[in-house]
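Visitor:
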Amino acid sequence: MVALRIPAIGLDVPLGIAMWPAAAAGAVLTVMMWSAVLPPANNPFMDDHLIYAAVLVLLAVLGAGRLGRLWAATPLVRRAPWLT
Numbered sequence: 008m009v010a011l012r013i014p015a016i017g018l019d020v021p022l023g024i025a026m027w028p029a030a031a032a033g034a035v036l037t038v039m040m041w042s043a044v045l046p047p048a049n050n051p052f053m054d055d056h057l058i059y060a061a062v063l064v065l066l067a068v069l070g071a072g073r074l075g076r077l078w079a080a081t082p083l084v085r086r087a088p089w090l091t
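FYI, in my numbering the residues of the sequence shown are 8 to 91.
1) Tell me the residue span of the alpha helix (DSSP H) that contains Pro82.
2) Going along the chain, which unbroken runs of the alpha helix (DSSP H) with 4 or more residues stay wholly within the segment 22 to 70?
3) What do you reckon, are the CB atoms on Leu77 and Leu83 nearer than 8 Å?
4) Using 8 Å as the Cβ pair cut-off and three pairs as the minimum, do the segment 58 to 72 and the segment 36 to 45 touch?
5) Measuring CB to CB, does Pro47 end up less than 8 Å from Asp54?
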């Protein structure tokens, strides 16, 4: 099941489709990958997994993605605005 979520996150984030759920899922996934290798061999506070999680959240906050405006205009998103 996780294997299907990775390509979905990889497509949703650049396209801007369901940005908040994709960014949240991607951030949770990267933090889980970071926690799987605890204690890390390098600096635990500047690990690349944590940076990727922060970048995903930042992209969602900034509203990145080209198709996000088209996605937001669909009836599905109008009924469930958390999908933006």
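Every residue gets a Cβ at the ideal spot worked out from N, C-alpha and C, and that includes glycine.
These numbers were taken from a predicted model, which means no experiment stands behind them.
Guide: By the coordinates alone:
1) Pro82 to Arg86
2) 26 to 43 and 55 to 69
3) no
4) yes
5) yes
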